[in-house]
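Have a look at the structure below before the remarks.
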DNA sequence: AAGACGAAAGTGGTTGA
DNA sequence: TCAACAACTTTCGTCTT
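In structure tokens:
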């Protein structure tokens, strides 16, 4: 009896935007990118392919002696309550992640971070939603697909401030060492939202590389630097976008773009003619 | 009319005494 | 704990295209 093969997700071979066949997959970011127009096709690849990130949790359940007695008024089985909370957290995590179009590896990383937080009793005094949001924020950074605190907060029921505080606390307690976010990591996403071609992307990355060598990026907000580089690159490649357009997708103001723009063009000797 | 420019005052977060 | 500080925002008037 021939076993019917499970249907595989249809493979994407053409860009839905410009119909180009030149698609490339950035494994580090978990993003499929069109080389012609720079479109990021995140949601196309979410469920395809093997799970390359091994998921080697988890320590054996030590059911003997749970750490902290929650409260005496609950006669309920502790593990039931814990599992209910975990289920709620994971569904909340999934809701946020799919709302933001984040790839699967990021969700798995976030889930791992969250579990670690639970095991270390970091939830106490904090909302589950806050810890979920902070886990997701950390996971995005760890996977080099950073999202800003504002973006995370917009998909959460928790404010930016609390997410930031919780994130700080968690990285400290869990000893997560996350490098500061590089402006480059924002380029493909912002360019894609601005419908800019891959040419502009490369140019912007090139500018940022130079900027980093000359220490024009340290101490500056990575989104602002990325925005300015993209603005410059868009002009150089004759695909000009206004400061406002770039500012909107990057979540900064025009003023910030102008300041970074001035620094970059002056110190890198870039001539921007009309 | 829309975009770019920059000055000035205000905000929120970090740092160091 | 508080004050100083830098990055960023808000606001607004002016110049350029």
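Residue numbers (this note's numbering): 3 to 276. We treat Cβ as the ideally placed atom computed from N, Cα and C, and that holds for glycine.
- Message: Please list the terminal residues of the continuous alpha helix (DSSP H) segment that includes residue 221.
- Response: Here residue 221 refers to the residue found at position 219 when the first chain is read from its first residue. Premise fails: residue 221 is in no alpha helix (DSSP H) and is neither H nor E.
- Item | CA-to-CA distance, residue 145 to residue 107, given in whole angstroms | Start at 1 with the first residue of the first chain, and residue 107 comes out as number 105. Start at 1 with the first residue of the first chain, and residue 145 comes out as number 143. Cα to Cα, residue 107 sits roughly 8 Å from residue 145.
- Query: How many angstroms separate the CA atom of residue 175 from the CA atom of residue 137?
  - Reply: Along the first chain, read from residue 1 onward, the residue named residue 175 stands at position 173. Along the first chain, read from residue 1 onward, the residue named residue 137 stands at position 135. Going from the Cα of residue 175 to the Cα of residue 137 covers about 13 Å.
- Message: Quick check: what's the CA-CA separation for residue 233 versus residue 126?
- Response: Position 231 of the first chain, counted from the first residue, corresponds to residue 233. Position 124 of the first chain, counted from the first residue, corresponds to residue 126. When rounded, the distance between both Cα atoms is 44 Å.
- Query: Is it buried or exposed for residue 149, if we count other Cβ within 10 angstroms and need 16 for buried?
  - Reply: On the first chain, position 147 is the one that residue 149 refers to. Counting Cβ neighbours within 10 Å, residue 149 comes out buried, since at least 16 surround it.
- Say the cut is 7 Å; is the CB of residue 186 nearer than that to a heavy atom of the ligand ZN? The model depicted lacks the ligand ZN and carries no ligand whatsoever.
- If you pair each beta-carbon of the stretch 252-272 with each one of the stretch 225-239, do three or more pairs fall below 8 Å? yes
- Item | Terminal residues of the alpha helix (DSSP H) in which residue 251 lies | Mapped onto the first chain, residue 251 falls at position 249. Here the alpha helix (DSSP H) through residue 251 covers 245-252.
- In this structure, does DSSP put residue 234 in helix, strand or coil? Walking along the first chain from the start, residue 234 turns up at place 232. Residue 234 falls in the helix class under three-state DSSP.
- Message: If I measure Cβ to Cβ from residue 270 and keep anything under 6 Å in the same chain, skipping five residues before and after, which residues do I get?
- Response: Against the first chain, residue 270 aligns to sequence position 268. Contacts found: 212.
- CA-to-CA distance, residue 133 to residue 120, given in whole angstroms: Translated into positions along the first chain, residue 120 becomes position 118. Translated into positions along the first chain, residue 133 becomes position 131. The alpha-carbon atoms of residue 120 and residue 133 are separated by roughly 9 Å.
- Item | At least three beta-carbon pairs within less than 8 Å, the stretch 243-252 to the stretch 187-200 | yes
- Message: For residue 98 and residue 135, which I take to be in contact (beta-carbon distance under 8 Å), what is that distance rounded to the nearest angstrom?
- Response: In the first chain, residue 98 corresponds to position 96, counting from 1. In the first chain, residue 135 corresponds to position 133, counting from 1. About 7 Å; that satisfies the 8 Å criterion.
- Item | Which listed residue (122, 147, 123) has its alpha carbon closest to that of residue 109 | The residue given as residue 109 occupies position 107 in the first chain. That would be 147, whose Cα lies nearest to the Cα of residue 109.
- Distance, Cα to Cα, residue 130 vs residue 86? Taking the first chain and counting its residues from 1, one reaches residue 130 at position 128. Taking the first chain and counting its residues from 1, one reaches residue 86 at position 84. About 12 Å.
- Task: State yes or no: is the C-beta of residue 95 within less than 8 Å of the C-beta of residue 113?
- Result: Against the first chain, residue 95 aligns to sequence position 93. Against the first chain, residue 113 aligns to sequence position 111. Against a cut-off of 8 Å, the Cβ pair of residue 113 and residue 95 comes out as a contact.
- For the stretch 110-189, which segments carrying the alpha helix (DSSP H) assignment without a break, of at least 4 residues, lie completely within its bounds, in sequence order? 130-144, 151-156, 162-175
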